[in-house]
Amino acid sequence: MKLESSDPVVAQIIAKERVRQQNTLEMIASENHASEAVMEAQGSVMTNKYAEGYPGRRYYSGCEHYDEVENLAIKRLCELFGCKYANVQPHSGANANFAVQFALFNPGDKFAAIELSNGGHLTHGSAVNVSGKWLTPVTYRLVQDESRSDWGYLDFDSVEAVMKEHRPKVIMCGYSAYPREIDFKKFREIADRYNAILWADIAHIAGLCAGGAHMNPFPHCHVVTSTTHKTLRGPRGGIIMTDDEELSKAFNKAVFPGSQGGPLMHVIAAKAVAFGEALRPEFKTYSAQVVRNAKRLASELSGKGYKLASRGTDNHLILIDLRPVDADLTGKTAALWLEQVGIIANMNTVPNESRSPMQTSGVRLGTPALTTRGLLESDIAEVAGIIDMTLRSKGEATKLAEAGQRVRAVCERFPMH
Ligand code: DSN
Numbered sequence: 063m064k065l066e067s068s069d070p071v072v073a074q075i076i077a078k079e080r081v082r083q084q085n086t087l088e089m090i091a092s093e094n095h096a097s098e099a100v101m102e103a104q105g106s107v108m109t110n111k112y113a114e115g116y117p118g119r120r121y122y123s124g125c126e127h128y129d130e131v132e133n134l135a136i137k138r139l140c141e142l143f144g145c146k147y148a149n150v151q152p153h154s155g156a157n158a159n160f161a162v163q164f165a166l167f168n169p170g171d172k173f174a175a176i177e178l179s180n181g182g183h184l185t186h187g188s189a190v191n192v193s194g195k196w197l198t199p200v201t202y203r204l205v206q207d208e209s210r211s212d213w214g215y216l217d218f219d220s221v222e223a224v225m226k227e228h229r230p231k232v233i234m235c236g237y238s239a240y241p242r243e244i245d246f247k248k249f250r251e252i253a254d255r256y257n258a259i260l261w262a263d264i265a266h267i268a269g270l271c272a273g274g275a276h277m278n279p280f281p282h283c284h285v286v287t288s289t290t291h292k293t294l295r296g297p298r299g300g301i302i303m304t305d306d307e308e309l310s311k312a313f314n315k316a317v318f319p320g321s322q323g324g325p326l327m328h329v330i331a332a333k334a335v336a337f338g339e340a341l342r343p344e345f346k347t348y349s350a351q352v353v354r355n356a357k358r359l360a361s362e363l364s365g366k367g368y369k370l371a372s373r374g375t376d377n378h379l380i381l382i383d384l385r386p387v388d389a390d391l392t393g394k395t396a397a398l399w400l401e402q403v404g405i406i407a408n409m410n411t412v413p414n415e416s417r418s419p420m421q422t423s424g425v426r427l428g429t430p431a432l433t434t435r436g437l438l439e440s441d442i443a444e445v446a447g448i449i450d451m452t453l454r455s456k457g458e459a460t461k462l463a464e465a466g467q468r469v470r471a472v473c474e475r476f477p478m479h
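Be aware that the sequence shown starts at 63, since it is given in the working numbering, and climbs by one per residue.
Here's what the structure looks like:
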């Protein structure tokens with residue numbers, strides 16, 4: 063029986079969410095709109111089966127089509143990133159990272175990662191995450207000196223210094239709020255000098271790497287983890303990739319039976335669809351446009367007086383420091399006003415943050431979802447104008463209402479498919 067007849071209450075909630083997505087501009091840098099084909103695979107009969115184990119080595123009968131779809135997902139993913147081995151079973155990016163840590167480390171082992179306040183992720187050694195509680199992160203940072211032209215860029219001197227002092231067995235790179243290109247080759251040179259494993263978490267930029275709009279982590283990184291639902295535009299999930307056969311065996315064991323049970327085979331089917339989409343030429347065009355749109359957003363907002371982390375962007379996101387425009391405006395209030403007008407964004411800490419992570423002085427904005435809806439640079443200029451109007455509104459109802467009307471006009475021009 064169709065959902066609408068069997069459970070109209072849930073059907074209505076889903077219908078309302080569809081309308082919300084249609085009527086708002088999604089600018090959370092880690093979100094996107096998956097295709098109908100991805101959602102169809104995810105909502106299919108593939109949800110009905112247990113398939114613990116790996117293709118050809120399952121614990122339950124009846125897995126032939128699950129083997130087929132998982133092998134296809136692996137093959138497409140390896141082709142996409144030019145690597146030899148992949149595990150497509152992690153339920154999320156955090157699960158992928160946990161499995162890699164479970165495979166590589168003993169409790170207490172050291173690894174180098176960026177300071178969380180400089181754009182890292184909870185799973186990269188935060189004190190409240192297992193990676194910070196059971197392991198020993200030693201941290202590098204971004205260039206702090208604002209008189210330098212590379213202010214806000216990765217500080218490779220601090221990476222080298224942390225390797226020299228602590229000799230961790232792993233260097234992690236890849237970030238949640240870093241607007242610049244990551245030089246994986248340079249990281250590898252440092253890793254080689256200290257005989258360390260180089261691990262990139264490309265959750266945010268995976269789609270840009272796949273589409274050629276960002277340097278590919280292969281062949282430079284020994285291990286690469288990612289989510290599949292951000293710039294890669296697939297279903298929510300995680301992946302692990304490597305060129306090293308021994309490491310790949312260790313990661314497979316760490317995913318199952320190490321840290322997960324039955325894989326989400328309907329999600330793996332949807333991952334296969336998304337990887338297939340990302341292999342098409344249109345995806346190259348998409349990822350290049352994501353970056354062009356983010357660059358235009360950055361230049362428009364800079365031109366209106368906003369301070370941006372690292373003064374701009376090379377990828378899909380920008381980080382605005384609100385303090386020079388309005389010293390009293392917190393990231394929390396800014397995100398609230400933006401939501402009121404129909405622009406969905408998140409508050410974020412900024413370099414030299416003076417407020418708590420629950421208030422922040424910044425807002426993070428991304429262009430992956432708007433680009434999926436078809437917005438080009440000139441449309442992004444209009445969006446930047448609306449953002450400016452909202453952030454300078456002081457919360458006045460008439461100004462927010464006018465900004466809201468402008469958002470609705472943009473939404474109507476770009477229907478969600
Ligand atoms: N929550 C994701 C983000 O927004 O960057 C990272 O996991």
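For each residue, glycine too, the CB sits at the ideal point set by N, CA and C.
| Query | Result |
| --- | --- |
| Residue 114, DSSP secondary structure in three states | coil |
| Neighbourhood of residue 235 by C-beta, 6 Å cutoff - its chain only, sequence neighbours within 5 removed | 244, 249, 262 |
| Reference residue 176, options 81, 116, 215, 443, closest by Cα | 215 |
| Residues surrounding ligand 1 [beta-carbon distance to nearest heavy atom under 5 Å] | 92, 238 |
| Where residue 122 falls, given that 16 or more other Cβ within 10 Å makes a residue buried | exposed |
| Cβ pair residue 254, residue 284 closer than 8 Å | no |
| Minimum C-alpha distance to residue 446 - residue among 380, 212, 411, 417 | 380 |
| Inter-residue Cα distance where the pair is residue 417 and residue 372 | 19 Å |
| Three-way DSSP call (helix, strand, coil) for residue 203 in this model | coil |
| Exposure label - residue 72; buried when at least 16 CB within 10 Å | exposed |
| Cβ-Cβ separation, residue 320 to residue 161 (assumed contact under 8 Å), whole Å | 6 Å |
| Runs of beta strand (DSSP E) lying entirely within the stretch 329-384, each at least 3 residues, in chain order | 379-383 |
| Residues bridged to residue 174 (per DSSP) | 200, 233 |
| Euclidean distance between Cα positions of residue 458 and residue 430 | 30 Å |
| Expected contact under 8 Å - CB spacing of residue 182 and residue 238 to nearest Å | 7 Å |
| Buried/exposed call for residue 68, threshold 16 Cβ in 10 Å | exposed |
| Contact the stretch 149-159 vs the stretch 317-337: 3+ CB pairs below 8 Å | yes |
| DSSP three-state assignment for residue 263, whether helix, strand or coil | strand |
| Neighbourhood of residue 190 by C-beta distance below 8 Å, restricted to the same chain and skipping five residues each side | 184 |
| Contacting residues, own chain, Cβ-Cβ under 6 Å from residue 304 (five flanking each side not counted) | 147, 285, 310 |
| Cβ-Cβ distance between residue 439 and residue 377 below 8 Å | no |
| Per-residue DSSP class, three states only, for residue 81 | helix |
| Residues near residue 32 in its chain [Cβ-Cβ closer than 8 Å; skip 5 each side] | For residue 32 there is no data in the structure shown, the boundaries of the chain being 63 and 479. |
| Buried or exposed by the 16-neighbour rule on C-beta atoms within 10 Å, applied to residue 63 | exposed |
| Neighbour-count burial assignment, residue 157, 16 or more Cβ in a 10 Å radius | buried |
| Beta-carbon gap between residue 332 and residue 104 smaller than 8 Å | yes |
| Distance between beta carbons of residue 170 and residue 201, contact taken as under 8 Å | That belief does not hold up - the Cβ atoms of residue 201 and residue 170 are roughly 16 Å apart, past 8 Å. |
| Segment limits, alpha helix (DSSP H) that includes residue 128 | 126-143 |
| Beta-bridge partners of residue 148, as assigned by DSSP | 303 |
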